[in-house]
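Going by UniProt numbering, the residue at position 1 of the sequence shown is 1; the numbering climbs one at a time, nothing skipped. C-beta: ideal position from N, C-alpha, C; glycine also. The structure displayed is predicted, hence computed values, not measured ones.
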Amino acid sequence: MSKSQKSDVIKVKTGGMSVMDKLMEGASSFAGALKRNQKVEGSVSAISKKMVLIDIGAKTEGMVSGEDLAEAYDVLKELKVGEKVSAYVKFPENDQGQIILTLKQAADENRWYKFKKLMDEEKEVEVTGLEVNKGGMVVKVGDIRGFVPTSQFGEKLLGNMESLLSKNFKVRVIEVDKDQNRLIFSEKLVSDSEALAKKGEALELVNVGDKFEGTVSGIMPFGVFVTVNVPMKGTEEVAKVEGLIHISEISWEKVEDPNVMFKVGQEVHVQVIGIDKAVGKLNLSIKQMTGDPWSAIETNFAIGTKHSGKVVRIAPYGIFVNFDKGVDGLIHISKKPADKEFKVGDKVEVFVENLDVKARRMSLGVVLTEVPVAYK
1 MSKSQKSDVI KVKTGGMSVM DKLMEGASSF AGALKRNQKV EGSVSAISKK MVLIDIGAKT
61 EGMVSGEDLA EAYDVLKELK VGEKVSAYVK FPENDQGQII LTLKQAADEN RWYKFKKLMD
121 EEKEVEVTGL EVNKGGMVVK VGDIRGFVPT SQFGEKLLGN MESLLSKNFK VRVIEVDKDQ
181 NRLIFSEKLV SDSEALAKKG EALELVNVGD KFEGTVSGIM PFGVFVTVNV PMKGTEEVAK
241 VEGLIHISEI SWEKVEDPNV MFKVGQEVHV QVIGIDKAVG KLNLSIKQMT GDPWSAIETN
301 FAIGTKHSGK VVRIAPYGIF VNFDKGVDGL IHISKKPADK EFKVGDKVEV FVENLDVKAR
361 RMSLGVVLTE VPVAYK
């Protein structure tokens with residue numbers, strides 16, 4: 001029987017292409033002298049509790065033993081005599097003239113392949129909660145660590161992730177990146193699976209301008225993720241749809257850090273300002289639910305009118321004065337009286353010198369309460 005025929009027989013006996021066959025795709029056959037860390041391929045000739053022998057076409061069989069057996073447990077539990085496998089050369093030849101191989105890299109490849117398969121098949125996997133940090137929860141499955149972002153927890157667990165520490169719970173794999181050693185899971189795809197399944201149908205029921213109650217599911221420097229419940233027509237059921245409140249849509253005032261204003265699990269009222277059906281997400285706003293303070297600025301702050309405000313920021317080029325939420329003006333440094341100093345929190349009397357409604361800018365002058373010495 002030829003070598004190619006023998007290979008065909010093995011595949012029939014093991015039920016076609018195995019998990020390990022997948023790992024061998026692209027591997028090259030043994031040729032010439034072996035080198036450390038060289039990738040080789042062969043067929044399993046013997047399996048015992050103490051060693052695995054692999055025929056790699058060299059003068060002697062390669063051997064996997066000792067700690068390498070434990071490190072390759074995931075691979076070994078699936079191996080059968082006659083099955084093809086890829087391995088790496090640990091020592092080309094030891095004192096007894098044996099070729100020592102390791103399956104550790106193959107085991108690592110096998111793990112990543114399994115997670116990729118779980119993701120593609122949308123299957124659940126059980127993990128254990130290890131620790132909670134600002135971005136989510138570190139979990140483990142076997143001896144592999146992964147991460148569940150805050151935004152990937154179901155509504156009932158938002159703000160209460162600590163309840164899963166040291167406990168087992170089910171998740172779905174949503175990202176596998178072997179090169180970056182990145183394994184990301186989602187808990188809400190399991191716990192909120194029924195409501196999320198209706199997301200596509202729910203998006204057809206949402207219109208720009210609609211208002212919803214939602215739950216903060218994640219906070220990032222650029223904005224806040226919110227999950228809203230969309231009532232389904234003709235039933236009492238709801239569908240869960242995630243949306244983003246961009247930092248510019250949080251308030252008419254400038255927002256430096258969304259973490260200061262929100263916490264995960266917090267209930268918020270939002271308005272839909274855009275619908276992205278391609279990715280199944282909503283663009284949301286909080287500030288649009290209140291009137292734009294600049295809509296009547298030309299009436300309320302007409303040029304020449306006097307107003308009382310509070311110093312909120314001092315910059316090299318001038319002093320910012322606040323009058324109301326989202327309504328600030330600037331006293332340019334060239335307009336600052338030479339004998340007057342300002343500090344944050346000071347009340348100041350000013351008058352409006354100029355308005356640029358489109359750019360939302362207001363230039364101010366200081367109201368002099370005392371007659372300058374030169375005019376006394």
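**Study point:** Expected contact under 8 Å - CB spacing of Val176 and Lys116 to nearest Å
**Key:** Counted from its first residue, the sequence shown places residue 176 at position 176. Counted from its first residue, the sequence shown places residue 116 at position 116. Yes, they are in contact, since the Cβ atoms of Val176 and Lys116 sit about 5 Å apart, within 8 Å.
Review point. Nearest to Thr102 by CA position, among Val40, Gly291, Ile333, Lys156, is which residue?
Key: One-based indexing of the sequence shown puts residue 102 at position 102. Nearest C-alpha to Thr102: Val40.
Point to revise | Backbone CA spacing between Leu284 and Asn37 [nearest angstrom] | key: The sequence position of residue 284 within the sequence shown is 284, counting from 1. The sequence position of residue 37 within the sequence shown is 37, counting from 1. In a straight line, the C-alpha of Leu284 is about 53 Å away from that of Asn37.
Check your understanding: If Lys211 sits next to Gln266, beta carbons under 8 Å apart, how far is it from one beta carbon to the other, in whole angstroms?
Key -> Taking the first residue of the sequence shown as 1, we reach residue 211 at position 211. Taking the first residue of the sequence shown as 1, we reach residue 266 at position 266. Not quite, the Cβ-Cβ distance comes to about 17 Å (not below 8 Å), so this is no contact.
**Study point:** Unbroken beta strand (DSSP E) run spanning Arg313, endpoints
**Key:** On the sequence shown, position 313 is the one that residue 313 refers to. Unbroken beta strand (DSSP E) run through Arg313: 306-315.
Check your understanding: What are the boundary residues of the beta strand (DSSP E) that includes Thr299?
Key -> Mapped onto the sequence shown, residue 299 falls at position 299. Thr299 -> not in any beta strand (DSSP E); alpha helix (DSSP H) instead, spanning 297-300.
Review point. Relative to the alpha-carbon of Ile99, which residue among Glu124, Ile54, Ile297 has its alpha-carbon at the smallest distance?
Key: Working through the sequence shown from its first residue, we reach residue 99 at position 99. It is Ile54.
Review point. By a C-beta neighbour count over all protein chains shown, 10 Å radius and 16 as the cutoff for buried, is Met289 buried or exposed?
Key: Sequence index remark: in the sequence shown, residue 289 carries index 289 (1-based). When all chains shown are included, Met289 counts as exposed.
Exercise for review: Sort Phe323, Val350, Ala197 by Cα distance to His332 and report the nearest one.
Suggested key: Locating residue 332 in the sequence shown gives position 332, where the first residue counts as 1. With distances taken between Cα atoms, His332 lies closest to Val350.
Review point. By how many angstroms is the C-alpha of Asp95 removed from the C-alpha of Ser65?
Key: Residue mapping note: residue 65 aligns to position 65 of the sequence shown, counting from 1. Residue mapping note: residue 95 aligns to position 95 of the sequence shown, counting from 1. Using only the alpha carbons, I get a separation of about 15 Å.
**Study point:** the stretch 185-199 touching the stretch 139-151, judged by at least three CB pairs closer than 8 Å
**Key:** yes
Check your understanding: Which residues in the same chain have their Cβ closer than 8 Å to the Cβ of Lys336, if we skip the five residues on either side of it in sequence?
Key -> Residue numbering aside, residue 336 sits at position 336 when the sequence shown is read from its first letter. So the list reads Gly318, Ile319, Phe342, Val366, once near-sequence residues are dropped.
**Study point:** Contact the stretch 223-240 vs the stretch 193-204: 3+ CB pairs below 8 Å
**Key:** yes
Review point. What are the boundary residues of the beta strand (DSSP E) that Ala106 is part of?
Key: Along the sequence shown, one-based indexing puts residue 106 at 106. Element bounds for Ala106: not the beta strand (DSSP E) but the alpha helix (DSSP H), 104-120.
Exercise for review: Could you name each continuous beta strand (DSSP E) segment of 3 residues or more that falls completely within the UniProt domain "S1 motif" (37-104), going from the start of the chain to the end?
Suggested key: 39-47, 51-55, 62-65, 84-91, 99-102
Review point. Are there three or more Cβ pairs, one per stretch, closer than 8 Å when the stretch 247-256 is compared with the stretch 321-330?
Key: yes
Review point. Can you name, in chain order, every residue of its own chain whose Cβ lies under 6 Å from the Cβ of Leu165, other than the five neighbours on each side?
Key: Working through the sequence shown from its first residue, we reach residue 165 at position 165. The answer, listed in chain order, is Gly129.
Practice item. Look at the Cβ atom of Val216, then the Cβ atom of Lys287, and state whether they are nearer than 8 Å. Key: Indexing the sequence shown from 1 puts residue 216 at position 216. Indexing the sequence shown from 1 puts residue 287 at position 287. Not in contact: Val216 and Lys287 (Cβ atoms no closer than 8 Å).
**Study point:** Chain-order list of residues whose beta-carbon lies under 8 Å from that of Met63 (same chain, five-residue window excluded)
**Key:** Along the sequence shown, one-based indexing puts residue 63 at 63. Only Met51, Val52, Leu53, Ile54, Gln98, Ile99, Ile100, Leu101 meet the Cβ criterion.
Practice item. State the DSSP-derived secondary structure class of Asp259, mapped to helix, strand or coil. Key: By 1-based counting over the sequence shown, the position of residue 259 is 259. Reading the sequence as shown, one finds Asn at residue 259 and not Asp. DSSP places Asn259 in helix when its eight states are reduced to three.
Exercise for review: Select from Glu93, Glu122, Leu118, Val89 the residue whose C-alpha is nearest the C-alpha of residue 377.
Suggested key: The requested residue 377 does not occur in the structure, where the chain is confined to residues 1 to 376.
Point to revise | C-alpha gap between Asp68 and Lys59, whole angstroms | key: Here residue 68 is taken as the residue at index 68 of the sequence shown, counted from 1. Here residue 59 is taken as the residue at index 59 of the sequence shown, counted from 1. Rounded to whole angstroms, Asp68 to Lys59 spans 22 Å at the Cα level.
Practice item. Can you tell me the Cβ-Cβ gap for Asp192 and Glu155, rounded? I've got them flagged as a contact below 8 Å. Key: As a working note, residue 192 is residue 192 in the sequence shown. As a working note, residue 155 is residue 155 in the sequence shown. Contact flag correct, Cβ pair sits at about 6 Å.
**Study point:** Cβ neighbours of Lys167 in the same chain (closer than 8 Å, five flanking residues each side left out)
**Key:** Locating residue 167 in the sequence shown gives position 167, where the first residue counts as 1. Contacts found: Thr128, Gly129.
Point to revise | Within 8 Å, strictly: CB atoms of Val241 and Leu189 | key: Residue numbering aside, residue 241 sits at position 241 when the sequence shown is read from its first letter. Residue numbering aside, residue 189 sits at position 189 when the sequence shown is read from its first letter. Taking 8 Å as the Cβ cut-off, Val241 and Leu189 do not qualify as a contacting pair.
Practice item. Run through the stretch 319-369 for me and flag every whole alpha helix (DSSP H) of 4 or more residues, listed as ranges in chain order. Key: none
Check your understanding: Looking at the unbroken beta strand (DSSP E) that takes in Lys281, where does it start and where does it end?
Key -> As a first step, residue 281 must be located in the sequence shown, where it is residue number 281. It spans 281-285 - the beta strand (DSSP E) in which Lys281 sits, taken as one unbroken run.
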